[in-house]
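Numbering (the numbering used here), first residue to last: 378 to 647. All C-beta atoms, glycine included, are put in the ideal place defined by N, C-alpha and C.
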């Protein structure tokens, strides 16, 4: 019998594991996950999505998989948070005010420890999208209305992706508590505490599992996956992915709409 060459699997969600209609084949995944667990391989969802959304996405599998949410800010094992990273409330508000004053066309969604927040004045299309991704949302007239004990995990900005480096550089030049901006390749930017990314989160899990990076297989499609794919011994960019990511990855998987992740994994486990 052929040995599986990896001991852990990491998959991005949007544009990778999920189809463009934001679904995946649950029955097919159940069959695949059964084979994965039989081989004692770890399955890790590594996503920019918030934990509240991932828990809905994988409600039937939460005791069998591990989760990395908010691009590495939240780590979950056995459906319990085992590691988390936040901005201080003060820095979080300063960041929001900076975006509002210097990039007024950017729509903002705040992912917090207790809830997620966006303005009631936001465009309808933006609010509908945030309703899906942030089930625990609260609409506010002003972000200063957030509870004083709220800790900010991430900002999601709906704006040109090419603003990411400029926003990061300008904010960090004036603040000791730094941020990191990344993009999934769409018209959005995720802003997280400095030093947070999917690869750093995966290293935490790999140490816990006693698995080497060379024994990790990872799938992604956007620039927020670059550190993760660079870390993995077996790295796959999706056929629909960013061309820059394809240059980083070792291999190419079929598109997300063709269930490319499951296609590749099924070949290994079958």
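Evaluate residue i with the Cβ neighbour count: other Cβ atoms within 10 Å of its Cβ, from every protein chain shown; 16 or more gives buried, anything less gives exposed.
i: residue 579; result: buried
i: residue 462; result: buried
i: residue 611; result: buried
i: residue 411; result: exposed
i: residue 458; result: exposed
i: residue 607; result: exposed
i: residue 456; result: exposed
i: residue 436; result: exposed
i: residue 644; result: exposed
i: residue 559; result: buried
i: residue 601; result: buried
i: residue 478; result: exposed
i: residue 408; result: exposed
i: residue 647; result: exposed
i: residue 565; result: buried
i: residue 654; result: No answer is possible for residue 654: the residues shown for the chain start at 378 and end at 647.
i: residue 382; result: exposed
i: residue 395; result: buried
i: residue 621; result: exposed
i: residue 570; result: buried
For residue i, which of helix, strand or coil comes out of DSSP?
i: residue 590; result: helix
i: residue 552; result: coil
i: residue 460; result: strand
i: residue 613; result: strand
i: residue 603; result: helix
i: residue 596; result: strand
i: residue 559; result: strand
i: residue 420; result: strand
i: residue 541; result: helix
i: residue 634; result: helix
i: residue 579; result: helix
i: residue 533; result: strand
i: residue 625; result: helix
i: residue 381; result: coil
i: residue 391; result: helix
i: residue 386; result: strand
i: residue 521; result: helix
i: residue 573; result: coil
i: residue 397; result: coil
i: residue 403; result: helix
Quick one: residues in its chain with C-beta nearer than 8 angstroms to the C-beta of residue i, no 5 flanking neighbours on either side, listed in chain order?
i: residue 498; result: 518
i: residue 623; result: 614, 629
i: residue 480; result: 534, 536, 540, 544
i: residue 471; result: 552
i: residue 625; result: 603, 606, 607, 612, 614
i: residue 640; result: 630, 631
Excluding sequence positions up to five away, which residues of its chain have a Cβ less than 6 angstroms from the Cβ of residue i?
i: residue 628; result: 613
i: residue 618; result: 598
i: residue 495; result: 486, 507
i: residue 449; result: 573, 574, 575, 577, 578
i: residue 399; result: none
i: residue 467; result: none
i: residue 490; result: 528
Within its chain, find whatever has a CB closer than 7 angstroms to the CB of residue i; leave out the 5 residues flanking it on each side and keep chain order.
i: residue 604; result: 574, 575, 576
i: residue 475; result: 548
i: residue 465; result: 554
i: residue 393; result: 596, 597, 598, 615, 633, 638
Exercise for the section: Check whether the stretch 417 to 425 touches the stretch 512 to 528, counting contact only when three or more Cβ pairs, one atom from each stretch, lie closer than 8 angstroms. Expected result: no
Exercise for the section: Counting only runs of 4+ residues fully inside the stretch 427 to 515, write out the alpha helix (DSSP H) ranges in chain order. Expected result: 428 to 434, 466 to 479, 501 to 510
Practice task
Evaluate contact between the stretch 502 to 512 and the stretch 426 to 434, counting only Cβ atoms and requiring at least three cross-stretch pairs below 8 angstroms.
Solution key: yes
Handout entry: At least 3 beta-carbon pairs within less than 8 angstroms: the stretch 548 to 562 vs the stretch 580 to 592
Key = no
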